[in-house]
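Input: a single structure, listed below in structure tokens.
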Ligand code: ADE
Ligand code: ZN
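Numbering (the working numbering), first residue to last: 34 to 386.
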């Protein structure tokens, strides 16, 4: 592969060892699987067929997407459903060169419908453990609280999940905050995040997707988030940008999501390249790939094309994804070594000192 001329190809992108750090497992439900699970579980869908459902994937903002996302997730009832969904995503991830994935799931989306928390954990974890055994691809779980619900609801959910912690300690290492951002600022969840921190969980928070830069500041200062999901609004605040650069606080950016949810009107406007070139620890991720028209490699490819990213910049984005992961140091170093070996093979001149 001669990779040092032309635009970075999908083949080049897939060959780079990388991680996925911002992925909602419920957002990987493809319309085909939604229909299959609806049939299996005898659930009526208000769409005549798969194409009509796909036609509905036209969003004007985050809320218009979330309405469909929660409706889509309503077909998930049994352990097997959660297993099948997770397996389908991990196959896609493997094809895209993902060597480690930190996966969000929204327990409240399911417990509110009467699905047991045990069922959710069991199905997702069985798939992730099986994939780890058979392919070596590692993963962890980020239990995400829905910010449109109350903090007490989050605390109750967390309490119920803690009873399962021992059983899933190889996977569940982190908590997050997602759903409707505007009007639900980070500080609404100060108590549950303080508890999670005390109990040793790694912390991530969606902030600065539709909300302002001050939500990113509050996620860092009040919730002690270690990684910001999205964070694209940070550019509104030069002091915050300086802090993100100096402290190398990772941002898990999702370009196709931002485009589909009208955070930007055109991918060429996206600030991913600007933030990368200012030395921020930005990563590329897929968020809800079944809804936004592309998995991880598609997000890299579309960004590379729209923003004129060089091969070297794309390779650095892949490296950032390893650096920004919550892997222990020894495991992280192994993945960085894999990245170095691959980059030397693909582009022997790019990183020569
Ligand atoms: N849940 C699933 N996708 C999300 C997003 N992009 N923002 C907030 N919550 C979400
Ligand atoms: Zn997200």
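Don't be surprised by glycine CBs; every beta carbon is placed ideally from N, CA and C.
Using a threshold of 8 Å, state whether the C-beta atoms of residue i and residue j are closer than that.
i	j	result
residue 317	residue 286	yes
residue 138	residue 59	yes
residue 264	residue 240	yes
residue 192	residue 330	no
residue 403	residue 355	Look at the range of the chain in this structure, 34 to 386, and you will see that residue 403 is not part of it.
residue 52	residue 187	no
residue 122	residue 324	no
residue 359	residue 207	yes
residue 257	residue 226	yes
residue 251	residue 314	no
residue 56	residue 106	no
residue 303	residue 288	yes
residue 67	residue 95	no
List the residues that DSSP assigns as beta-bridge partners of residue i.
i	result
residue 238	261
residue 167	None, per the DSSP bridge assignment.
residue 178	210
residue 382	Beta-bridge pairing links residue 382 to no other residue.
residue 57	137
residue 320	56
residue 148	Note: residue 148 sits in no beta bridge, so no partner.
residue 172	134
residue 285	262, 316
Once DSSP output is grouped into helix, strand and coil, what is the label at residue i?
i	result
residue 138	strand
residue 279	helix
residue 202	coil
residue 158	helix
residue 369	helix
residue 329	helix
residue 91	coil
residue 347	helix
residue 132	strand
residue 387	In the structure as shown, the chain begins at 34 and stops at 386. Residue 387 is therefore absent and cannot be evaluated.
residue 51	strand
residue 83	helix
residue 296	coil
residue 375	helix
residue 267	helix
residue 66	helix
residue 311	coil
residue 100	helix
What's the gap between the Cα of residue i and the Cα of residue j?
i	j	result
residue 332	residue 384	23 Å
residue 343	residue 272	28 Å
residue 157	residue 119	6 Å
residue 351	residue 171	16 Å
residue 114	residue 175	19 Å
residue 111	residue 310	45 Å
residue 82	residue 109	18 Å
residue 341	residue 347	10 Å
residue 88	residue 322	16 Å
residue 131	residue 296	26 Å
residue 140	residue 153	7 Å
residue 368	residue 54	14 Å
residue 376	residue 71	44 Å
Roughly how far, in whole angstroms, is the beta-carbon of residue i from the beta-carbon of residue j, given that I think they are within contact range, below 8 Å?
i	j	result
residue 280	residue 274	Incorrect: roughly 11 Å between the Cβ atoms, too far for contact.
residue 300	residue 339	4 Å
residue 224	residue 184	6 Å
residue 242	residue 214	6 Å
residue 150	residue 194	6 Å
residue 293	residue 92	6 Å
Distance cutoff 8 Å, beta carbons only. Does residue i sit that close to anything in chain C?
i	result
residue 157	The chain inventory of the structure shown lacks chain C, comprising one protein chain alone.
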